[in-house]
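Each residue of the sequence shown is one higher than the last, beginning at 5 in my numbering.
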Amino acid sequence: MNGTALLSRDPELRASFTVRGAEPTTVIVISTTAVYAQCPKALVRSHLWDAGRHRDPAELPTVGQITWCVSGDGFDGAAYDRADPERSRRTLY
Numbered sequence: 005m006n007g008t009a010l011l012s013r014d015p016e017l018r019a020s021f022t023v024r025g026a027e028p029t030t031v032i033v034i035s036t037t038a039v040y041a042q043c044p045k046a047l048v049r050s051h052l053w054d055a056g057r058h059r060d061p062a063e064l065p066t067v068g069q070i071t072w073c074v075s076g077d078g079f080d081g082a083a084y085d086r087a088d089p090e091r092s093r094r095t096l097y
């Protein structure tokens with residue numbers, strides 16, 4: 005995909021993305037000039053739609069675990085993960 009992206013603080017544009025009374029501070033405006041489709045054979049060979057090959061989400065690391073790995077011992081990944089449901093509820097929209 006080719007094109008451009010810019011951040012906009014246009015009040016009217018931001019207002020159009022209001023969710024549950026919360027308006028974003030910025031909006032990303034993306035303009036696409038070209039889109040290239042992936043080779044169909046690659047999609048078939050990837051088994052993308054084969055649910056038997058999908059990983060169980062419980063096997064994957066959490067955001068807190070990943071951040072701890074890249075940040076080091078100064079970051080409490082377990083505390084981050086415990087606080088995530090309330091943080092998301094409060095700040096997502």
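For each residue, glycine too, the CB sits at the ideal point set by N, CA and C. Here the structure is a predicted model, which is why all the values come from computation and not from measurement.
| query | result |
| --- | --- |
| Rounded to whole angstroms, what is the Cα-Cα separation between ARG94 and ASP85? | 15 Å |
| For TRP53, count neighbouring C-beta atoms within 10 Å of its own C-beta (all shown protein chains included) and say buried if the count is 16 or more, exposed if not. | exposed |
| Span of the alpha helix (DSSP H) holding ALA87? | 81-95 |
| In chain order, what residues of the same chain have a beta carbon less than 8 Å from the beta carbon of ASP14, not counting five sequence neighbours either side? | VAL31 |
| Can you tell me which of ALA62, ALA82, LEU11 puts its alpha carbon nearest to the alpha carbon of THR71? | ALA82 |
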